[in-house]
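Visitor: Pasting a structure here, questions to come.
Residue numbers (the UniProt record's numbering): 1 to 114.
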């Protein structure tokens, strides 16, 4: 299952993913780009006017070119000057398969951490 590590404390592989993104709350939306993604979360460019804090829930709509959007529920886990990190809520097996397929088709593995 994607939410469990085989070894505690070991981070899952990150991938780049060429996809647009809409981050939404019930009262506001932001447009952004994905910087990197894994099955547990993603790091995105910080949108202009992004004013949410750590712990706030969002809906993240991934929009790869020429593909059906994938909608994930997530929590803000870090807000930096130029980026925002989101951790996905529980990902169902069908959604995990869809996310794996999107990463496989539009992404590339990025295990080297900056």
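The beta carbon of each residue, even a glycine, is placed where N, CA and C say it ideally should be.
1. Only counting the same chain, and skipping five residues up and downstream in sequence, which positions put a Cβ closer than 6 Å to that of residue 10?
2. Could you check where the alpha helix (DSSP H) with residue 104 kicks off and where it finishes?
3. DSSP three-state label for residue 69, please.
4. If you pair each beta-carbon of the region 66-74 with each one of the region 45-52, do three or more pairs fall below 8 Å?
5. Which one or two residues does DSSP pair with residue 41 in a beta bridge?
6. If you draw a straight line from the C-alpha of residue 94 to the C-alpha of residue 105, how long is it?
7. With 16 as the cutoff for other CB atoms within 10 Å, does residue 36 come out buried or exposed?
Guide: The relevant details are as follows:
1. Legend: pLDDT at residue 10 = 40, less than 50; position of this residue unreliable, value from coordinates given subsequently. In its chain, beyond the 5 residues on either side, no residue has a beta carbon closer than 6 Å to the beta carbon of residue 10.
2. 93-106
3. DSSP places residue 69 in coil when its eight states are reduced to three.
4. no
5. 87
6. 17 Å
7. buried
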